[in-house]
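Trainee: Terminal number for the sequence shown in my numbering: 508, no gaps in between. Quick one: this structure, given as structure tokens, is what I'll be asking you about.
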Amino acid sequence: MSGGLLVAGTTSDAGKSVVTAGICRWLVRQGVKVAPFKGQNMSLNSFVTREGAEIGRAQAMQAQACRVEPTALMNPVLLKPGGERSSQVVLLGRPVGELSARGYHGGRQQALLGTVLECLEELRGTYDAVICEGAGSPAEINLRRTDIVNMGVARGAGLPVLVVGDIDRGGVFASFFGTVALLSPEDQALVAGFLVNKFRGDVTLLEPGLDMLRGLTGRHTYGVLPFRHGLGIDEEDGMGVPPARAESRAWGRVSLRGTVRESAVAPPHGEDVLRVAVCAVPLMSNFTDVDALAAEPGVVVRFVDRPEELADADLVVVPGTRGTVRALQWLRERGLADALARRAADGRPVLGICGGFQVLGEHIEDDVESRAGSVPGLGLLPVRVRFHPEKTLARPVGEALGEPVEGYEIHHGVAEVLGGTPFLDGCRTGQVWGTHWHGSLESDGFRRAFLREVATAAGRRFVPAPDTSFAALREEQLDLLGDLIEHHADTDALRRLIESGAPAGLPFIPPGAPA
């Protein structure tokens, strides 16, 4: 097999990431050597590859679906929002500067199309198939001229396009038709058909609409995927945040949905549950760190933005953020800083990760991220942080609480630890813990040891399950996505599409793209 496919969507969060992962897992189970690709990603959830490159977590998850090691080629451009109108641009895994939305779309983005297509071509020369993910919608007519992730990639690489629509939101037929009808004739010629996502009910009731859609567009529907609860895989930006957390938005949106499984919390292994509260700080990044906690039977994870919500928590997590000083100010304004200080004084567990670790320290010197200069921290850990222009990108391994630990680091702030008990690269004082290591809780033995410490300090008769494997749970999720494609998509037609490209003679749907 040799070929490729671009999975586009009628909207953001139509399901492009999971459909791409599902197609990848289906193909690899068919013996196809496959890789994922996304020319440009916007996400605060990122990952570090083994060669020390930063890419979107969704592409790392899709690489796992392909059973291959992720590389920078799979996500050559990553945008990390850092304010209302600016993002850090990460090119081939390395930050190259901050740009406003106007500056990026005004010229820099289009100049990167050649790099994006070169990376895709290199992958296509190595793998039997490359499954590409688009962003937002290909019918964003104001952005088409500079597009490097949707039809710009499809046209540049001659890829067929499959448009995914979320029927659970309603209006999916209008969305499919309108998406095609707002594309130029050249772009429309590559749009092979549609895939319905998140359908609930009897599919026979949908079939007349699909027949009408084919009559209107001349295009095939390649499958109807049913709605499934509990798809706890890594998200990019996903669903919008609640109004109280709207300040977390920048160019994109921040999701809390991917962090906590939609399925019910499994019964505790011991007598008590363990309650975890995660502070929903602005520009929250890599909040997937708490996925491993949510996977534990008897652990209840929720996101909070009010001090009273910490009262019954057995553990409070201050997660990573792309705006450490801004998060610190937010914690103080909302009264959460005082609540955290009271917890520390009472010996109740607090865990800070990356930016969350930095805000727990004594002092921050930031002339890089916020350019706020000297800022006092919460003073809960004996740590001083200085921001450096060079970003630390690493895949550390170590030991903590007598257990092996792996993680990854993504930060500009460099911590000077002045006391406390060593904990990974950070420290612990009483029941306040801090580290820059993302992903450490995915190490099963360490996670269990940490939860035992938390339960003891909280006075809970909670016992971690002895057999929870986070890696195995991830594999189960990816296999479930592969099953959805295998059982509910027209896989014969999908395989022909990947191998041979868009069918010839697809009709033009007026009016087409504006001049």
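Beta carbons are placed, not taken as given, at the ideal position from N, Cα and C, and that holds for glycine.
Among the candidates G406, V0, V390, E133, whose CA atom is the shortest distance from the CA of S577?
Mentor: A query on residue 577 cannot be resolved here, the shown segment of the chain reaching from -6 to 508 and no further.
Trainee: Can you tell me which of the three DSSP states F350 falls into?
Mentor: Along the sequence shown, read from residue 1 onward, the residue named residue 350 stands at position 357. Look at F350 here: in three-state DSSP terms it is helix.
Trainee: One question on the structure: do G291 and V271 come within less than 7 angstroms of each other, judged by their Cβ atoms?
Mentor: Mapped onto the sequence shown, residue 291 falls at position 298. Mapped onto the sequence shown, residue 271 falls at position 278. Not closer than 7 angstroms, so no.
Trainee: What did DSSP end up calling E355 once you bin it into helix, strand or coil?
Mentor: Translated into positions along the sequence shown, residue 355 becomes position 362. Residue state, collapsed to three classes: coil.
Trainee: Alpha carbon to alpha carbon, how far is Q181 from I502? Give it in angstroms, no decimals.
Mentor: What you label residue 502 is simply residue 509 of the sequence shown in a count that begins at 1. What you label residue 181 is simply residue 188 of the sequence shown in a count that begins at 1. Spanning the two alpha carbons is a distance of roughly 8 angstroms.
Trainee: Taking just the CA atoms, how far does L394 sit from E402?
Mentor: Position 409 of the sequence shown, counted from the first residue, corresponds to residue 402. Position 401 of the sequence shown, counted from the first residue, corresponds to residue 394. About 20 angstroms.
Trainee: Please return the same chain residues whose Cβ sits closer than 6 angstroms to the Cβ of A497, not counting the five positions on each side in sequence.
Mentor: Stepping through the sequence shown from its first residue, residue 497 is reached at position 504. Cβ within range, chain order: n/a, list empty.
Trainee: Note down, in chain order, each residue of its chain lying with its Cβ closer than 6 angstroms to the Cβ of P219, except the 5 sequence neighbours on either side.
Mentor: Counting from 1 along the sequence shown, the entry for residue 219 is found at position 226. F192.
Trainee: Tell me which same chain residues have a C-beta within less than 7 angstroms of the C-beta of E519, skipping the five on either side of it?
Mentor: For residue 519 there is no data in the structure shown, the boundaries of the chain being -6 and 508.
Trainee: Take every Cβ of the segment 23 to 30, pair it with every Cβ of the segment 116 to 132, and state whether three or more of those distances are shorter than 8 angstroms.
Mentor: yes
Trainee: Are the beta-carbon atoms of E396 and A442 separated by less than 7 angstroms?
Mentor: Position 403 of the sequence shown holds residue 396. Position 449 of the sequence shown holds residue 442. Yes, Cβ-Cβ distance for E396 and A442 is below 7 angstroms.
Trainee: Rank R325, R440, G24, T449 by C-alpha distance to the C-alpha of V283 and give the top, closest one.
Mentor: Along the sequence shown, one-based indexing puts residue 283 at 290. Among R325, R440, G24, T449, the Cα nearest to that of V283 is on R440.
Trainee: Kindly give me the distance between the Cβ atoms of M35 and L84, rounded to whole angstroms, as I take these residues to be in contact under 8 angstroms.
Mentor: One-based indexing of the sequence shown puts residue 35 at position 42. One-based indexing of the sequence shown puts residue 84 at position 91. Not really, about 14 angstroms apart at Cβ, beyond 8 angstroms.
Trainee: Nearest-angstrom Cα distance between G129 and E479?
Mentor: Residue 129 sits at position 136 when you count from the first residue of the sequence shown. Residue 479 sits at position 486 when you count from the first residue of the sequence shown. The alpha-carbon atoms of G129 and E479 are separated by roughly 25 angstroms.
Trainee: How is V11 classed by DSSP in three states: helix, strand or coil?
Mentor: Your numbering for residue 11 matches position 18 in the sequence shown. Reduced to three states, the DSSP call for V11 is helix.
Trainee: Restricting to Cα atoms, I'd like to know which of I357, G427, L411 is closest to L417.
Mentor: Looking up residue 417 in the sequence shown gives position 424. Closest option to L417, Cα to Cα, is G427.
Trainee: So, using beta-carbon positions, are V173 and V184 closer together than 7 angstroms?
Mentor: Here residue 173 is taken as the residue at index 180 of the sequence shown, counted from 1. Here residue 184 is taken as the residue at index 191 of the sequence shown, counted from 1. Yes; because the gap between Cβ atoms is below 7 angstroms, this pair is in contact.
Trainee: Where do the N-terminal and C-terminal ends of the beta strand (DSSP E) with A122 fall, by residue?
Mentor: The sequence position of residue 122 within the sequence shown is 129, counting from 1. A122 -> beta strand (DSSP E) spans 122 to 126.
Trainee: Quick check: what's the CA-CA separation for F455 versus G438?
Mentor: The residue you call residue 455 lines up with position 462 of the sequence shown. The residue you call residue 438 lines up with position 445 of the sequence shown. Straight-line Cα distance between these residues: approximately 16 angstroms.
Trainee: Can you check DSSP and say which residues form a bridge with T428?
Mentor: Looking up residue 428 in the sequence shown gives position 435. T428 is bridged to I346.
Trainee: Using the Cα positions of S93 and S278, report the straight-line distance between them to the nearest angstrom.
Mentor: Within the sequence shown, residue 93 is the residue found at index 100, counting from 1. Within the sequence shown, residue 278 is the residue found at index 285, counting from 1. Cα-Cα distance, rounded: 19 angstroms.
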